[in-house]
Structure formats: structure tokens, C-alpha cells
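Novice: Protein chains in written order, with the UniProt record's numbering: chain L, 1 to 290; chain P, 1 to 963.
Take a look at the following structure, please.
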Amino acid sequence: MASVVLSEAEKLYIVHGVQEDLRVDGRGCEDYRCAEVETDVVSNTSGSARVKLGETDILVGIKAEMGTPKLEKPDEGYLEFFVDCSSNSPELEGRGGEELGTDIANTLYRIFSCENSVDLKSLCINPKEHCWVLYVDVLLLECGGNIFDAISIAVKAALFNTRIPKVRVLEDEEGTKEIELSDDPYDCIRLNIDEVPCVVTLSKIGYRHVVDATLQEEACSLASLLISVTSKGAITSMKKVGKGSLDPESIFEMMETGQRVGKSLHIALQKILDEEENLGTSRPKVGFLG
Amino acid sequence: MLTSRTFVKRTRAGAVVKVVREHYLRDDIACGAAACRLCPRAAPGGGSAPGLEARPGGPGSSLCPGPHFLLPDTNLLLHQIDILEDPVIKNVIVLQTVLQEVRNRSAPVYKRIRDLIQNPEKHFYSFTNEHHRDTYIEQKRGETSNDRNDRAIRVAVKWYNEHLKKIEDEEKTQVIFLTNDRINKEKALEEGITAYTCEEYIKSLTANPELVDRLACVSDEGKEIEGGKIIFPEHIPLSKLQQGIKSGIYLQGTYRANRENYLEATVWVHGDAEENKEIIVQGLKHLNRAIHEDVVAVELLAKDEWVAPSSVVLQDDGQNEENIENEEEKENILKTSINKDMLRPTGRVVGIIKRNWRPYCGMLSKSQIKEARRHLFTPADRRIPRIRIETRQADALEGQRIIVAIDGWPRNSRYPNGHFVKNLGSAGDKETETEVLLLEHDVPHQAFSQAVLSFLPKMPWSITEEDMKHREDLRHLNVCSVDPPGCTDIDDALHCREIGNGNLEVGVHIADVSHFIRPGNALDEESVKRGTTVYLCEKRIDMVPELLSSNLCSLRSNVDRLAFSCIWEMNHKAEILKTRFTKSIINSRASLTYAEAQMRIDSATMNDDITTSLRGLNKLAKILKKKRIDNGALTLASPEVRFHMDSETHDPIDLQTKELKETNSMVEEFMLLANISVAQKIYDEFPEFALLRKHPAPPPSNYDILVKAAKSKNLEIKTDSAKALAESLDKAESPTFPYLNTLLRILTTRCMMQAVYFCSGMDNDFHHYGLASPIYTHFTSPIRRYADIIVHRLLAVAIGADSTYPDLTDKHKLAEMCKNLNYRHKMAQYAQRASVAFHTQLFFKTKGVVNEDAYILFVRKNAIVVLIPRYGLEGTVFFEEKDKPTPKLEYNSEVPSLTVEDTTLCVFDKVKVNVMLDDSNIQHQKMRMVLVEPKILGNDMHASLSAEASSKEEPEKKKMRQK
């Protein structure tokens with residue numbers, strides 16, 4: 001991951017600031033940076049979203065394709081994640097970003113492994129034979145710290161935006177099944193994203209922890225905790241990142257903060273998404289030129 | 001200004017995919033009106049497309065007297081294209097939305113509309129509304145794509161009306177929206193658009209009442225034209241049919257109606273299945289509204305319901321369509337006397353997969369009711385049912401040959417519904433009848449288009465240095481051509497000379513048509529479409545333009561001509577020692593007729609070079625012929641006649657059977673030899689792409705009738721091989737009955753299969769049964785057959801005289817071409833026969849009743865087929881007449897013979913018949929034959945009747961109808 005080089009004095013400045021609940025850019029310890037969310041930015045996907053969180057810039061596209069259900073879950077569809085960080089920085093170009101990409105993708109698999117995060121049963125077309133597979137492609141456009149949170153927000157927004165064409169399974173007397181596609185483009189399935197979790201990354205800086213750390217702050221942090229929280233505040237998964245250690249007491253503290261921050265994050269995101277939805281097709285699109 | 005928008009479409013390509021296309025909207029699309037000064041002048045993309053007139057005069061409509069443009073919707077265009085093609089209808093705006101929908105639904109209609117738009121006189125304009133900034137609309141939520149298109153059309157009409165208002169002109173031009181869709185019309189009226197149904201508008205054209213006839217009668221969404229009993233079972237929808245075909249419940253095949261019996265048809269099942277290849281369908285309900293050539297799905301009936309093909313001749317002449325019981329009676333006739341061995345797979349039509357309707361030629365049978373507007377139309381082709389049309393000009397159309405198109409066939413109607421398309425002229429008129437038979441046999445006979453003619457060589461034409469380079473100069477040879485009299489398309493010439501070593505050099509020189517027709521250009525495409533030249537009695541429909549067929553390619557005497565030569569070195573036993581092919585230049589010394597050539601050979605006084613050459617050829621030809629016959633080649637006979645035409649009126653004044661001279665067979669022999677040599681050469685060179693001709697051996701069962709017939713005369717015909725057949729035919733002579741042999745040969749011809757072209761890479765049976773040759777092709781008549789042109793090209797490539805091109809070595813394309821050529825040849829043959837039949841009728845028209853000797857050729861259940869050798873005329877003698885008691889008929893299929901009352905008629909019996917032209921039914925004028933000898937009890941009436949003039953028959957028929 002792209003990193004910044006900070007001098008000892010700079011680090012000390014940041015650590016002392018955090019201690020006083022005053023961060024370099026003026027935020028408090030539990031404040032997020034200003035986030036921009038736009039959905040439906042890539043027209044040839046089933047759903048897409050772009051999220052800018054400070055300097056961090058993420059694009060997520062979701063493509064729904066027909067596939068066969070997994071053997072162990074014959075009546076469910078599934079999600080596939082792929083993360084591409086090649087456009088991020090020179091050192092991640094080509095295959096350099098592969099390791100990071102797989103790492104992030106694995107984290108996403110873990111976050112979504114929780115049973116009810118997405119209603120996978122609604123993705124089933126006919127058991128054992130056809131289901132929808134949602135290919136979630138994450139593109140890291142720019143890394144300005146706290147990519148996990150940004151990615152999770154973008155994925156949630158993209159899932160909200162996803163429209164899967166409605167299909168009907170026709171069965172005749174001999175049992176041969178044929179799939180018929182509705183010819184009305186507005187006739188489609190929307191996903192329920194109420195239970196889709198968002199990631200809140202808490203970085204331990206000094207004795208305190210902060211959310212939404214910038215690159216500089218990440219450089220000062222030895223260990224951080226990734227918590228995926230649903231809108232109801234339930235923690236679905238947790239992961240520790242970084243080479244430092246965390247004592248049990250601060251872990252509990254961080255979980256509490258994570259739950260609290262996560263809840264308000266969900267509320268804010270949902271509000272934005274609903275607002276955007278209500279604008280309908282007349283919404284002026286910002287896209288990549290805005 | 002260029003606005004770009006994306007719209008989303010999903011297609012089904014195996015999986016579900018989301019397709020995104022960029023859709024550019026522009027503001028520089030012209031409205032097409034000539035008076036419009038607001039729109040940019042030149043159409044984008046250049047070219048001056050014919051637009052709408054400045055002051056659309058058009059026909060006066062009582063609904064909208066002012067100037068107006070018409071704007072039809074998709075369905076209207078699809079169904080009423082016939083009317084739009086009428087020259088009266090002008091100034092029509094065709095929207096892009098409409099055009100695209102038409103394209104998706106019917107390719108032929110799409111092509112016709114494109115042609116209309118191209119025609120500058122029609123003033124049709126296609127407006128690209130989907131790309132116009134103000135008329136493009138997006139599909140709304142909950143709106144089907146059909147609704148969306150309807151809305152797009154309405155938006156365009158609205159835009160047009162507003163746009164045209166801006167044009168400063170004294171008279172405001174209006175746009176009238178034509179739609180037959182009730183809901184769409186209502187919506188349009190709500191939005192303030194002037195909208196009419198097609199019928200309303202056409203009826204308002206008071207100056208052109210004849211147009212109303214051409215309206216297609218399409219039943220409006222479930223609204224049946226009339227009540228009445230449901231006659232036919234419902235057709236099963238296509239999706240179900242396809243499933244059924246997949247699972248084998250139904251069989252898919254081509255429906256072929258029986259020419260002689262309107263209640264019977266066969267369905268030729270597609271695919272390679274050995275059994276149930278041919279399914280019989282019998283009875284009106286089982287035929288279930290299928291029409292000849294349709295692709296249908298049939299369901300096999302249980303075995304105990306199977307029937308045998310009936311040998312009854314039945315014609316649909318019922319005027320009264322209510323009388324279904326009558327039909328059932330007739331159906332019962334079919335089922336009588338079922339022979340257990342003759343049972344064939346029988347089925348019923350359950351649905352139509354693809355209609356193959358085309359416009360049909362025929363005549364109107366005027367309704368008996370005065371002032372009636374509904375009439376029945378009787379197509380010239382007996383396999384097509386009668387069609388009900390609505391017309392107000394029945395009086396004018398009576399006795400005229402007209403074209404009618406089918407619109408549909410509802411379940412409660414005995415006949416399909418159609419509409420009048422075109423009047424060809426009065427029946428019996430020579431021009432009209434020729435047109436009819438060309439149309440009916442699908443012979444392309446329009447004049448060659450400008451594009452085709454542009455590929456002809458510029459006149460005056462001469463052989464250039466460039467041409468000389470790759471050609472052998474054979475102008476010094478004594479080449480001559482021998483053809484029938486009056487032949488202008490001479491494609492072959494011959495020579496024969498002694499060469500030093502005691503051997504003979506024989507050359508066959510064929511017109512080098514492939515030098516003039518280069519692959520792929522319009523001329524080539526037109527020729528391949530035509531496939532063959534069609535020779536009618538008084539007319540020739542050329543395959544290539546006349547400049548080539550009668551001049552540049554024709555090997556006329558005393559001019560230098562390009563040729564493709566096949567030159568053999570032979571010894572005096574006609575054994576080929578060397579074969580050589582070359583492109584050449586020849587100068588024919590003489591164009592002879594068969595008679596002239598024969599005269600030269602026979603006359604002892606003539607000893608010039610040409611005559612010696614001819615004598616040499618004749619001698620060799622005799623040896624070649626003997627060799628061929630020894631190999632088992634068949635000599636068959638078919639009665640062929642030639643008409644002597646009156647030079648002024650072109651009416652036939654006399655007819656004679658064709659006489660064959662020795663020279664005929666001489667030319668034929670060398671043509672065969674050339675064809676075989678070339679076939680061998682191109683097959684050696686291109687084993688995968690050689691275009692060859694084969695004549696499959698007929699299945700043994702084909703000969704049944706011949707063997708049985710011969711047996712009745714105590715003769716044995718062996719059919720195990722071509723050689724055995726040829727020998728037994730030679731032996732089958734009867735001293736008391738010299739014509740018997742010819743009759744047997746005629747019958748043998750009927751047993752044969754059709755010879756066909758094929759591509760060597762797609763088949764492995766090359767044998768030519770009739771000629772007893774292992775390989776054969778057509779090389780010698782490139783002016784009149786397209787197959788020969790391909791063979792020329794292949795041979796030219798093989799000897800390095802020409803370059804190849806991709807399509808020549810594509811066996812699938814070649815196979816496709818063979819299919820077309822075979823079809824065209826078959827159709828040309830039928831057209832020729834029909835032309836002869838028509839001229840025979842003309843001939844007998846003036847003759848009155850003629851008493852002639854005839855021989856029985858076939859025996860049917862209720863009729864006999866006789867041949868009159870003097871005229872080469874074949875006809876059917878019926879023993880059942882509607883107005884007379886049916887004589888007792890007894891049919892014996894073993895002999896075969898028919899016993900009428902107490903007289904037994906057997907195959908090959910010599911009889912005397914009265915021949916006359918039966919013109920009581922102008923629809924199908926036909927030769928009527930009545931048996932005079934042997935006299936049949938109760939049949940005397942015929943004889944006495946035939947003695948009178950045929951004019952007496954008419955009142956009698958009328959009387960009968962009123963019953």
C-alpha cells in the first residue's frame with residue numbers, strides 16, 4: 001500500500017493531536033472525512049458506485065451474470081469479489097498490486113460470509129441449475145487512507161444500485177426448462193441492503209483510536225481493528241491489521257466506538273442513497289469529469 | 001450539434017447480457033418536405049434522396065381535401081403494402097421506427113418499402129425520427145416496447161405538424177396518421193393528431209374507387225369478419241410446435257398439395273429419418289388451412305386411421321361454402337376401397353411453422369348474387385385453394401387474369417381471405433397468358449436492369465491483343481455449327497480433320513461466356529438468379545442479355561469469336577488418344593441447320609472441307625453412340641411437338657412432332673463426349689468443388705407401372721440395371737403394334753428420376769443413369785445454362801487460363817447454387833410445358849372438334865389418360881360427370897385396367913377420342929377428350945354432344961348450377 005514517509009517530529013505532532021481529540025485536518029477522533037457517493041456511474045454494469053472519502057477514490061461495478069449454484073448451497077446465488085489496485089501507485093502497477101488486491105478481496109469475502117448480509121436466496125433462479133452470480137469489481141483509483149471503509153461503502157452503494165433483470169423459468173411437460181427474460185427494462189429485482197455491513201477501521205494512535213485515518217495517521221498507527229457493522233449495530237466480523245498489538249481493554253473500547261460510528265455511517269449513507277434515488281433519471285450525472 | 005445519450009437494451013445471447021449502445025441525437029435531420037426552408041438542404045451523408053413534394057397534390061380525399069402527407073404505422077405498412085405501391089399513393093413519410101419494426105418482422109416487405117423509398121416518383125421519405133433531437137423518446141416505466149414505438153410514431157406526427165406550420169406557405173400541409181390499431185388511433189386523436197384507418201382513408205379517395213379492392217382484409221384483433229360455424233381446428237402456437245417437434249410428437253415438413261385432388265396433400269418431412277418421410281394428409285379438417293409450399297407441423301394418426309393415396313381426381317368447384325356436409329361426402333369417396341398394402345403414414349396438420357404465400361395468378365369467379373362485393377378467386381395453380389376477395393369491380397375483372405395475395409385464413413372460413421393486387425389482362429390473350437405462366441413458374445423475366453447492362457462490353461467490340469495472348473488461334477480450322485432452324489444463340493461448333501499420323505483431330509468449340517461474365521458483378525448475379533434460358537413456344541427468356549446471347553457469345557459464321565475448345569485426338573475406331581482443353585479464337589465457316597447438315601452429308605456431289613469434316617464427325621458419332629448404348633445408355637422417348645406459327649399473328653397454324661435426324665444425334669454425341677471429358681478433368685483437378693450432374697437410378701418400385709403395363713401385352717421388361725432395361729426395351733416389339741415400343745419408352749421416361757446438379761464435395765454418388773456414364777457435367781451450353789459457366793470457370797482455372805475467386809472453391813456456396821439451378825431448371829421445364837399446352841389450346845380453338853387415334857397411357861380409378869401421337873398431346877378422359885349418372889366403374893390395379901359398364905380399357909389400348917377445347921371454364925381452358933371408340937354403353941351422349949359445337953355446353957352448365 002502506498003505509504004508516506006513522516007519524520008519523527010511529524011509523527012509526534014499527530015500522536016499528540018490525537019491525544020487531545022484534535023486531528024491534523026481539524027476532525028475529532030470519531031469524525032469521518034467528507035465523503036462523496038455517486039451511483040450508476042458505469043452504464044454497462046448492473047450496478048455501480050463511486051465513493052470519494054477524502055483523497056481515497058473507489059469505483060465499484062457489479063455485473064450480474066447467470067451461473068450455476070454452488071453444490072453446497074443449491075438454492076442460493078453468490079457474490080464474487082475482485083479488487084484491482086493497479087491504477088493506484090507506481091509500485092502497485094502490473095502484478096505488484098495483486099497481493100494487496102487478493103488481501104482486500106479476502107476481507108470482503110469474510111465480511112459478506114455472514115448469512116443474512118445479502119439475501120442470497122433471492123438470487124436463485126431455479127435450484128441446482130441457475131442462479132445469479134454478482135461479480136463485484138472494485139477499482140482503487142486513489143489511495144488516501146482508510147480504503148477498507150471506503151470500499152465497503154462503495155460496495156454497499158453499488159449493491160443498492162444493482163438491478164437484476166427478472167427472469168421466469170418456463171417448464172413444459174417433459175421437464176425441459178427454458179429461461180425467459182422480461183422485455184421491460186424496468187422489470188427487475190432490487191437487492192435489500194439493510195443488512196449489508198460497512199467496515200469501520202479503528203486505528204490505534206498513541207493511547208487512543210481514531211476512525212477514518214488519513215495516510216499520515218496510518219503511518220503513526222501500529223495496529224488497527226477492522227470491524228464490519230450492520231445498520232443495526234451488529235458486528236459481523238472483525239480483523240486486526242498491522243504489526244502492533246492491542247490490549248483486550250482497548251479492543252472492547254474500539255468495538256464500542258465502531259458500533260456507534262458504524263450506525264451513524266449507515267444512516268448517513270442510506271439517506272444519501274435515498275435522496276439520489278428520488279431524483280430519478282433527471283439526476284445530472286457527475287461521473288468522472290465532475 | 002451532437003448530443004449523445006445512452007440507452008440500455010438487453011439481448012438474449014445464451015446468457016443474459018446488458019448491452020449499452022451510444023445513441024446520438026442530432027438536430028440537422030431534414031423533414032424531407034420540398035417547401036421546407038427550415039431544414040438543412042442536403043441530406044446528411046450526401047446524395048439527393050427523393051423527398052416529399054412541395055405541394056402534395058395526390059388523389060383528392062373527401063376526408064382531408066387539403067394537401068397532406070401520409071404517415072403509416074408498422075402494421076399498416078406490413079399488411080397494406082400492396083396499396084402503398086399503387087402509383088396513386090404518393091408523399092408518404094416512413095419513420096425509422098416503423099422501418100426497423102418492418103425489417104424485423106418481414107424481410108420481403110422491408111425490401112419492397114426500400115424500393116418504394118428509392119423510387120423518385122413515389123415521393124416516399126424515410127425520416128430518421130429515432131435520431132432526431134425532438135422526436136426521440138425513451139421507454140417509460142411500465143411501457144412495453146410496442147407501446148413505446150407507437151408513442152414514438154405519435155410524437156413524430158406531432159412534430160411534423162408543428163414543423164410544417166412554421167413553413168410560410170399559403171396552404172398548410174397536414175400530416176395524416178394512418179393506423180388500423182384502434183387504441184393507437186384513439187390516443188392519437190386525443191393528442192390532436194388527424195388519424196384515420198387505412199380503410200377510411202382509401203375509401204375517401206373518391207376518384208380511385210378501385211383501390212378499395214386492394215385493401216387487405218385483416219381481421220382486427222379477434223373481431224371476426226363474420227360469425228358462422230368454426231370449420232377448422234385451431235393451430236397450435238409456434239413455441240409449442242417447436243417443443244413438440246423436438247420431442248418427436250410432431251413432424252416438420254413441407255406441405256405439398258395434390259394437383260389432382262384438392263382434399264389430399266403430402267407432407268415431405270425434413271430431416272434424414274428413413275421412415276415416415278412422406279405423410280399423407282386427407283380431408284379438409286386434417287389439411288387445416290395449410291397452403292401449398294407452407295412449412296407445417298403434422299401429427300401422425302393412429303395406424304388404423306391410415307389411408308392409401310387415392311387415385312381419384314377431385315376438383316374443388318363448390319360455389320356454396322356453407323355446404324360442409326357436401327365436403328364430407330366427398331371425403332368419403334376417398335376412403336372407399338382401401339387396399340391394405342397401399343396404406344401410407346397418414347397425419348393431420350396441427351400448426352403452421354412458416355407460411356410461404358406469394359401473390360397468385362388466377363381468375364375471378366363472380367358471385368352469383370348481383371351487386372355482391374365478395375367473390376371467390378380461382379388460382380391458376382390447382383394446388384392453391386380458392387381465395388375470397390372483396391371487390392367492387394367484379395364486372396370489370398371478369399374474364400381477366402388477376403393477381404391476388406392471401407391475407408389470412410380464419411377458422412370459420414372455408415376459403416382464405418385475400419385482396420386484389422393487379423390486373424394482368426384478359427384471359428386467353430397470348431401476352432397475358434405468357435405473363436401468367438412466367439409468374440406462376442417463378443421465372444425471372446423482367447428486362448435486364450441498367451446495372452446489369454453496364455457490365456456488357458462496349459460496342460463495337462473486337463478481339464484485342466490482350467485477348468489473343470492466352471488463346472490459341474484456331475481460325476484456320478474448318479469449324480461449323482449445327483443447330484435447329486432459327487437458332488440465334490449458338491453455343492457450340494465442331495470440326496474434324498485428318499492429322500498426319502492417320503488419326504483424326506476432333507474439336508468441340510463452346511462459346512466463351514465466362515470471358516464476358518466475370519464473377520460477382522451484377523451481370524453474373526443476374527445470370528445465376530435466372531439460372532437458365534427459358535424457351536417458350538414463341539418467346540425466349542434469356543439468361544444473359546441479348547448482346548451476349550445472340551451476338552458476342554453466339555458462334556456465328558464468318559466472324560471471329562472467342563471459344564473454349566475441347567480437342568481430342570482419335571483413331572478411326574473413335575477411341576480417344578489425347579484430350580486437350582484450351583481457350584481459343586475460332587471463325588466458324590458455316591451455321592447450318594440439322595437438315596442442311598444432313599443434306600451435305602448425304603449429297604454425293606458436295607466434297608468441300610466442311611462437308612468432309614461433317615462426314616468424319618458423323619462416322620465417329622455413330623461409333624460413339626453404339627459404344628454408349630452397349631454400355632447401357634437408355635434411349636427414351638417423349639412426344640415433342642413443334643408449332644408452325646403464323647408469321648403475322650404468331651398464332652399456331654399447324655403442329656408436328658419433332659423429327660430427329662442423324663445430325664441431331666451427331667451433335668449430341670460430341671456434346672456428351674465433351675461434357676464427360678470436362679467432368680473428368682474438373683473432378684481430377686477439384687475433387688471437392690467440381691460442379692457435376694448426376695442422374696440417380698430410380699427406386700425399383702418406380703418401374704411397377706411399366707412392368708405391369710408391359711406384362712399386359714405379354715412383354716417382359718427387366719429393370720435390374722440400365723443395360724437390362726435398355727435391352728429389354730429394344731426387344732419389346734410387337735409386329736402388329738409398331739407404336740408400342742415408343743409407348744413403352746414414353747412410360748419409361750415417366751419412371752425416371754430428375755437429373756440434378758451437385759457439388760462433388762457434398763455427395764458421393766456421381767453416376768448418370770440415363771447416359772450410363774460414371775461422371776457427367778454440363779459444359780456445352782454456357783449461353784443458356786449457368787451451370788456451364790461455373791464449369792467453364794473451373795476448367796479455366798484447371799488449365800491455368802483464368803484466375804480463381806473465393807466463392808468458386810466454397811463447396812457450401814456451390815451446393816447452394818446447385819439447389820437454385822435445379823429449381824430454375826425444373827421451373828423452366830414446367831413453364832415450357834405450360835407454354836406448349838397453351839399453344840395446343842390455341843391451335844384447337846380454331847379446329848373445333850377433332851377425331852383422333854389415341855393410346856391409353858395410364859389408367860386411373862375414374863378416368864384414363866390417353867396420348868394422341870399425332871399432336872403429342874396427353875389428356876384425361878373422365879367417366880364421371882356431375883350431371884349424369886355415374887357409369888359402373890371397376891378398377892383393377894394389377895393389370896392395370898378400368899372396366900366401364902361392360903367395356904374394359906387396358907393400358908396401351910388403341911382408342912379413338914374426340915378432342916376439343918373446353919372453354920366453358922375460362923379459368924382453366926383445357927383440352928377435353930371424349931372416348932368415341934370403343935363405344936361405352938350410356939356414354940353415347942358424349943359422342944353425340946361432341947358432334948355439336950362446344951358452345952352448347954355453356955347454358956347446360958349454368959342450368960346445373962342453379963340446382
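A virtual CB, placed ideally from N, CA and C, is assigned to each residue, including glycine.
These numbers come from a predicted model, not from an experiment.
Can you tell me whether P/W461 is helix, strand or coil according to DSSP?
Specialist: Against the second sequence, residue 461 of chain P aligns to sequence position 461. Here P/W461 sits in coil by DSSP.
Novice: Are any of the Cβ atoms in chain L nearer than 8 Å to that of P/R141?
Specialist: Translated into positions along the second sequence, residue 141 of chain P becomes position 141. Interface residue, yes.
Novice: Can you check whether the C-beta of L/S43 is within less than 8 Å of a C-beta belonging to chain P?
Specialist: Position 43 of the first sequence, counted from the start, is the residue given in the question as residue 43 of chain L. So, interface residue.
Novice: Examine chain L for any beta-carbon lying closer than 8 Å to the beta-carbon of P/V20, and answer yes or no.
Specialist: Counting from 1 along the second sequence, the entry for residue 20 of chain P is found at position 20. True, the Cβ-Cβ gap to chain L drops below 8 Å.
Novice: What is the DSSP secondary structure of L/S228, counted as helix, strand or coil?
Specialist: Residue 228 of chain L sits at position 228 when you count from the first residue of the first sequence. Strand at L/S228.
Novice: Roughly how many angstroms separate the alpha carbons of L/R168 and P/S145, rounded to a whole number?
Specialist: Taking the first sequence and counting its residues from 1, one reaches residue 168 of chain L at position 168. Taking the second sequence and counting its residues from 1, one reaches residue 145 of chain P at position 145. Each residue's alpha carbon lies about 19 Å from the other.
Novice: Could you check if P/K122 is buried or exposed, using at least 16 other CB atoms within 10 Å of its CB as the buried criterion?
Specialist: As a first step, residue 122 of chain P is located in the second sequence; it is residue number 122 there, counting from the start. Buried, because 16 or more other Cβ atoms sit within 10 Å of the Cβ of P/K122.
Novice: Compute the Euclidean distance between the alpha carbons of P/Q598 and P/T635, then round it to the nearest angstrom.
Specialist: In the second sequence, the residue the question calls residue 598 of chain P occupies position 598. In the second sequence, the residue the question calls residue 635 of chain P occupies position 635. P/Q598 and P/T635: Cα-Cα distance of roughly 21 Å.
Novice: What separation, rounded to the nearest whole angstrom, lies between the Cα atoms of P/C31 and P/Y196?
Specialist: The residue given as residue 31 of chain P occupies position 31 in the second sequence. The residue given as residue 196 of chain P occupies position 196 in the second sequence. Going by the C-alpha atoms only, they are around 22 Å apart.
Novice: Any beta carbon from chain L within less than 8 Å of P/V88's own beta carbon?
Specialist: One-based indexing of the second sequence puts residue 88 of chain P at position 88. P/V88 does not count as touching chain L.
Novice: Which chain B residues sit within Cβ distance under 7 Å of P/V859?
Specialist: Among the chains of the structure shown, chain B does not appear; the protein chains present are L and P.
Novice: Please say whether P/N631 and P/A772 have beta carbons closer to each other than 8 Å?
Specialist: Numbered from 1 along the second sequence, position 772 holds the residue referred to as residue 772 of chain P. Numbered from 1 along the second sequence, position 631 holds the residue referred to as residue 631 of chain P. Yes, Cβ-Cβ distance for P/A772 and P/N631 is below 8 Å.
Novice: Chain P beta carbons: is any one of them nearer than 8 Å to that of L/P74?
Specialist: The residue labelled residue 74 of chain L in the question sits at position 74 within the first sequence. For L/P74, the answer is no, since every Cβ of chain P falls outside 8 Å of its Cβ.
Novice: For L/S46, return the contacting residues in chain P, with the cut-off set at a CB-CB distance below 8 Å.
Specialist: As a position in the first sequence, residue 46 of chain L is number 46, starting the count at 1. Ordered by position in chain P, the residues that pass the 8 Å Cβ test against L/S46 are K18.
Novice: Measure the alpha-carbon distance for P/Q243 versus L/L170 and round it to whole angstroms.
Specialist: Here residue 243 of chain P corresponds to residue number 243 of the second sequence, with the count starting at 1. Here residue 170 of chain L corresponds to residue number 170 of the first sequence, with the count starting at 1. Straight-line Cα distance between these residues: approximately 12 Å.
Novice: What does L/V167 touch in chain P if you count any residue whose Cβ is under 9 Å from its own?
Specialist: As a working note, residue 167 of chain L is residue 167 in the first sequence. What L/V167 touches in chain P: V16.
Novice: What's the gap between the Cα of P/T391 and the Cα of P/P416?
Specialist: Your numbering for residue 391 of chain P matches position 391 in the second sequence. Your numbering for residue 416 of chain P matches position 416 in the second sequence. Those two C-alpha atoms are separated by around 15 Å.
Novice: Indicate the three-state DSSP secondary structure (helix, strand or coil) for P/E685 in the structure shown.
Specialist: Counted from its first residue, the second sequence places residue 685 of chain P at position 685. P/E685: helix per DSSP, three-state reduction.
Novice: Check whether the Cβ atoms of P/G507 and P/L494 lie closer than 8 Å to each other.
Specialist: Here residue 507 of chain P refers to the residue found at position 507 when the second sequence is read from its first residue. Here residue 494 of chain P refers to the residue found at position 494 when the second sequence is read from its first residue. The answer is yes: Cβ separation under 8 Å.
Novice: Using the Cα positions of P/M570 and P/S734, report the straight-line distance between them to the nearest angstrom.
Specialist: Your numbering for residue 570 of chain P matches position 570 in the second sequence. Your numbering for residue 734 of chain P matches position 734 in the second sequence. One C-alpha to the other measures close to 39 Å.
Novice: Below 8 Å between beta carbons: does that hold for L/S117 and L/T201?
Specialist: In the first sequence, residue 117 of chain L corresponds to position 117, counting from 1. In the first sequence, residue 201 of chain L corresponds to position 201, counting from 1. No, they are not a contact pair.
Novice: Could you tell me whether any Cβ in chain P is nearer than 8 Å to the Cβ of L/L108?
Specialist: Position 108 of the first sequence, counting from 1, holds the residue named residue 108 of chain L. L/L108 does not count as touching chain P.
Novice: Taking its Cβ as the centre, do 16 or more other Cβ atoms sit within 10 Å of L/Q216, making it buried, or is it exposed?
Specialist: Taking the first sequence and counting its residues from 1, the one referred to as residue 216 of chain L is at position 216. Counting Cβ neighbours within 10 Å, L/Q216 comes out buried, since at least 16 surround it.
Novice: Tell me the DSSP bridge mates of P/H768?
Specialist: Position 768 of the second sequence, counted from the start, is the residue given in the question as residue 768 of chain P. Paired residues: P/H695, P/S773.
Novice: Check the Cβ-Cβ distances between L/Y186 and every residue of chain P, and say whether any is below 8 Å.
Specialist: What you label residue 186 of chain L is simply residue 186 of the first sequence in a count that begins at 1. Chain P, which has a Cβ nearer than 8 Å to the Cβ of L/Y186, makes this yes.
Novice: Counting only C-beta atoms, is L/M238 closer than 8 Å to chain P at any point?
Specialist: Residue 238 of chain L sits at position 238 when you count from the first residue of the first sequence. No, no contact with chain P.
Novice: Are the CB atoms of P/V544 and P/I783 within a distance shorter than 8 Å?
Specialist: Taking the second sequence and counting its residues from 1, one reaches residue 783 of chain P at position 783. Taking the second sequence and counting its residues from 1, one reaches residue 544 of chain P at position 544. Yes.
Novice: If you check the beta carbons only, do P/E472 and P/S584 fall under 8 Å apart?
Specialist: Within the second sequence, the letter at position 472 stands for residue 472 of chain P. Within the second sequence, the letter at position 584 stands for residue 584 of chain P. It is a contact, given that the beta carbons lie within the stated cut-off.
Novice: Can you give the Cα-Cα distance for residue 973 of chain P and P/H509, rounded to whole angstroms?
Specialist: With chain P covering only 1 through 963, there is no way to say anything about residue 973 of chain P.
Novice: Taking DSSP as the reference, what is the three-state secondary structure of P/M570?
Specialist: As a first step, residue 570 of chain P must be located in the second sequence, where it is residue number 570. Strand at P/M570.
Novice: Alpha carbon to alpha carbon, how far is P/V859 from P/L889? Give it in angstroms, no decimals.
Specialist: For the purposes of this step, residue 889 of chain P is identified with residue 889 of the second sequence, where counting begins at 1. For the purposes of this step, residue 859 of chain P is identified with residue 859 of the second sequence, where counting begins at 1. Near 12 Å, if we compare the C-alpha coordinates of P/V859 and P/L889.
Novice: Under 8 Å, Cβ to Cβ, is there at least one residue of chain P near L/M254?
Specialist: In the first sequence, residue 254 of chain L corresponds to position 254, counting from 1. Taking Cβ atoms only, chain P never reaches closer than 8 Å to L/M254, which makes this a no.
Novice: With distances taken from CA atoms, which of P/E669, P/F689, P/M752, P/E668 is nearest P/P700?
Specialist: The residue given as residue 700 of chain P occupies position 700 in the second sequence. Considering only alpha carbons, the answer is P/M752.
Novice: How long is the line joining the alpha carbons of L/T107 and L/S228, rounded to whole angstroms?
Specialist: For this step, residue 107 of chain L is matched to residue 107 along the first sequence. For this step, residue 228 of chain L is matched to residue 228 along the first sequence. Answer to the nearest angstrom: the Cα atoms are 10 Å apart.
Novice: Could you pull out every residue in the same chain whose Cβ sits closer than 7 Å to the Cβ of L/S122, ignoring the five residues on either side in sequence?
Specialist: The sequence position of residue 122 of chain L within the first sequence is 122, counting from 1. For L/S122, where only same-chain residues beyond five positions count, the Cβ hits under 7 Å are I189.
Novice: Please determine, among L/L6, L/K204, L/Y186, L/A35, the residue with the shortest C-alpha to C-alpha distance to L/K52.
Specialist: Here residue 52 of chain L is taken as the residue at index 52 of the first sequence, counted from 1. Ranking L/L6, L/K204, L/Y186, L/A35 by Cα distance to L/K52 puts L/A35 first.
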